[in-house]
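Residue numbers (full-length UniProt numbering): 14 to 361.
For every residue, glycine included, the Cβ atom is placed at its ideal position computed from N, Cα and C.
Below: the structure, in structure tokens.
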Ligand code: G3P
Ligand code: MG
């Protein structure tokens, strides 16, 4: 076989195929800890064994996250066993889009929710956020914030020490990934918001909303190992808003990122354009962007709104025995490999 560099050089001399794919992860490529059997053969097809006889650019576009894109790319490359290494810039997670907001919050205090320990703190810092706190930092500061949970040694070890949160006003809260301890996180989120950012300080008038609230994944449910779908970050958001409304009679305003929102699909389009540039030097004007997903509310709705081709697969959240999907895809397919072959045959 040609040396890798020679193959790469040859590739740039070829004209790019006018098609690119964005693959959802949970319920399409994997289900919980298990990789679906059609995933590896599908990637081999994309990497050259297809009617274009050349590599078709692709990214992964997920409402999941909690770790860096580099760590996720390494973990998924190992899980897929498809004989290639995913590049970090090919993995667009729920919070990856927050890379574009760093300048706005560079010198502000941000509280990040979700994921394990201080993993999302490290992700936020890798994006350039500087003053990043977690709800475990708050619990380590004063166990009375939520006395019903005894902080574990591991949680204590992951917490920033010596921060006085009444003197350290939180300017924004980012729900990076799915919170693990909803009770602790909803309690602290309500404290931050009701005290105008200063946890423990007297509550302020809720007419003024100084604390910005950003959610990165609207999924009410998602497909993991369990036979029935599991509650996602969208369910956490509903739980918080219900508690806040009971406390104050109000709904708290927030920014929503993640599929199906436009900022996330705009970001994904940029990531695909980057793949074309790296492989072929340019992207054809008339490129067909194809989303393959399992959740009509996020994957199909977002792709349709973005003017992309969309395929709904039957390996995840959507159950074809339960009637038509809430959002109509361009086509449906049994699984991700059938989806890719179907698009390439029907569209080209
Ligand atoms: O937390 C992950 C879940 O909400 C959905 O992930 O890959 O199906 O967008 P995905
Ligand atoms: Mg999914």
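Query raised in the report: With 16 other CB atoms within 10 Å as the buried threshold, where does residue 270 fall?
Result: buried
Requested in this report: Measure the CB-CB distance between residue 85 and residue 119 and report whether it falls below 8 Å.
Outcome: no
Query raised in the report: Quick one: Cα of residue 169 to Cα of residue 109, how far?
Result: 27 Å
Requested in this report: Name the one or two DSSP bridge partners that residue 160 has.
Outcome: DSSP lists no partner for residue 160.
Query - Rounded distance between the beta-carbons of residue 284 and residue 105, thought under 8 Å - result: 5 Å
Report task. List the residues that DSSP assigns as beta-bridge partners of residue 323. Result -> 304
**Report entry** Own chain, CB closer than 6 Å to residue 64, minus 5 neighbours either side, in chain order
**Finding:** 357
**Report entry** Proximity to residue 175 [Cα-Cα], best of 186, 188, 152
**Finding:** 152
Query raised in the report: Roughly how many angstroms lie between the CA atoms of residue 45 and residue 93, to the nearest whole one?
Result: 13 Å
**Report entry** residue 124 - containing beta strand (DSSP E), residue span
**Finding:** 122-126
Query raised in the report: What span of residues does the beta strand (DSSP E) with residue 202 cover, start to end?
Result: Note, residue 202: premise wrong, no beta strand (DSSP E); alpha helix (DSSP H) at 195-207.
**Report entry** beta-carbon residue 307 near ligand 2 non-hydrogen atom, thresh 7 Å
**Finding:** yes
Query - Test item: CB-CB of residue 318 and residue 275 under 8 Å - result: yes
Query raised in the report: In chain order, what residues of the same chain lie with their CB nearer than 6 Å to the CB of residue 90, ignoring the 5 residues before and after it?
Result: 98, 99
Report task. Quick one: using the 10 Å Cβ neighbour count with 16 as the cut-off for buried, is residue 216 buried or exposed? Result -> exposed
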